[in-house]
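Structure first, then comments.
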Amino acid sequence: MVQVLDKPGSHGMVDASSRGSKPGRHWIYNGLTDFALIHGCAGLITVPLVFAAYNASESWNPVLLAYGLSLGTPHLMATHVRLNLDPDCRQRLGWLAHRALLGIIAAFLLAVLAFPAALPCLVFGWFAAQTFHANAQNFGVMRRYVRMAGIYKDGLVEKTAEFIIQVAPWAFVTTCLLSPATRYLGYDIVLPSGDMVFPLCIGLWAVTVPAILLYAALEVRAMFRDETVPGRILCVVSGLLVNGFAWLFVREVHWAYLIVSTWHALQYIAYVHSFRMSPPPGVEPLRLGALRHIAILLAAGALVMGVMIQAREWIPVLGIAMHLGLNFHHYLSDMLIWRKPSPLKPAQAI
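Numbered by my numbering, the letters in the sequence shown go through residues 118 to 467 in order.
Put into structure tokens, the structure is as follows:
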């Protein structure tokens, strides 16, 4: 049996007996902080990136470097801080911290060396996995808000919101992919042909638009029933705004990725710090103040990024393997590190 912590991307169930047992809470931090950090000021973080995309396309490399140093690699390092510094996680998943990471990097290195022509396909796999990963995180944050509120009278609004968070971004992504693109973050990428994407895009839009309309009606009903969960609305709206703006308005794969990833990384760092400050019962992570936590993430992120940049200069194929490997390791880790054995059956392993 596994208990799932309140964490972005987790899809486990919570014991029904715990629902509504505590006074309802609307915010993880407070309204303003949640809006600014966990939701990335909705679409506001996209403005400077879109300005750069349309007015100074040559600014891509410095913008990417700034993103990588300030948010990209620090958000990856938040996972490694949990893997290596939190006792409960280190005891259960020590193999994931180092052996799995080295194994994944080695697998990418061998794949690129043995089949260099397959790299654009691997890059597409990364693109798809990152999209799913960002959606799953927003899904998990929304579930945290609903649990805190203690409102479970009408599951339809939650299910509709979850559906929109998971499916709507794919409708936006497939629309973007109807425009041909050959590069993604400096890599060649193989994308599905327009003939393959078009029917999928139509099908996704055919279910997304009614779902959004239904969700809006259900939220109005929830308001009259005094069952509104503001964080749920923010998760849905910010996901639609950021993904819609990136994939439908910008419509350039690498810039759109950077917009969504900026929102995702900011959300992850802020949310994980809230877990560290107010852990669920039975979990004792390392307590780190905000400044110390951010300093660790920035320092570790800068170190890792420097190593990757040097590797790309000296042994390009190793730099590529490290870049892909760190990202896929992050996706795998995020599915495991927020789970712990049930306190009722502590001897059982995951």
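Backbone N, C-alpha and C define an ideal beta-carbon position, used for all residues, glycine too.
- Gly272 counts as exposed, since fewer than 16 other C-beta atoms from the protein chains shown sit within 10 angstroms of its C-beta.
- Cβ-Cβ separation between Val400 and Asp151: approximately 21 Å, too far for a contact (criterion under 8 Å).
- The beta carbons of Leu335 and Val424 sit no closer together than 8 Å.
- Taking 8 Å as the cut-off, the beta carbon of Thr190 is found closer than this to the beta carbon of Met422.
- Using a 10 angstroms sphere on the CB of Val337, the tally of other CB atoms stays under 16, which defines it as exposed.
- Taking 8 Å as the cut-off, the beta carbon of Tyr374 is found no closer than this to the beta carbon of Leu435.
- For Phe366, the closest of Val198, Arg142, Phe168 and Gly442 by C-alpha to C-alpha distance is Phe168.
- Going by DSSP, Asn252 is part of the alpha helix (DSSP H) stretching over Leu236 to Ala266.
- The criterion of a C-beta distance shorter than 8 Å is satisfied by Val377 and Ala363.
- With respect to the 8 Å criterion, Trp372 and Ala246 are not classified as neighbours on the basis of their beta carbons.
- Of Leu200, Val314, Glu344 and Ala285, the smallest CA-CA separation from Ile329 is found for Ala285.
- Straight through space, the alpha carbons of Leu405 and Glu369 are spaced by roughly 38 Å.
- For the options Ala438, Leu443 and His446, the alpha carbon positioned closest to that of Ala231 is the one of Ala438.
- When only Cα atoms are considered, Asn172 and Thr163 end up about 14 Å apart.
- Under the 8 Å Cβ criterion, the region 285–300 counts as touching the region 311–327, having at least three qualifying pairs.
- For the 8 Å CB-CB criterion, Val263 and Val389 do not form a contact.
- Taken through DSSP and simplified to helix, strand or coil, Arg368 comes out as coil.
- Judged by DSSP secondary structure, Gly442 falls within the alpha helix (DSSP H) whose first and last residues are Pro433 to Asp451.
- At the C-beta level, Leu193 and His447 come within 8 Å of one another.
- If you ignore the 5 residues before and after Thr325, its C-beta comes within less than 8 Å of the C-beta of Ile281, Val284, Ala285 and Ala288, all in its own chain and listed in chain order.
- The C-alpha of Leu218 is placed about 34 Å away from the C-alpha of Leu161.
- Only residues of its own chain outside the window of five on either side were considered, and among them Gly141 and Val346 have a CB closer than 6 Å to the CB of Ala266, listed in chain order.
- In this structure, the alpha-carbon of Thr299 lies about 13 Å from that of Leu236.
- Following the DSSP letters along the chain, one finds Arg404 in no alpha helix (DSSP H), marked with neither H nor E.
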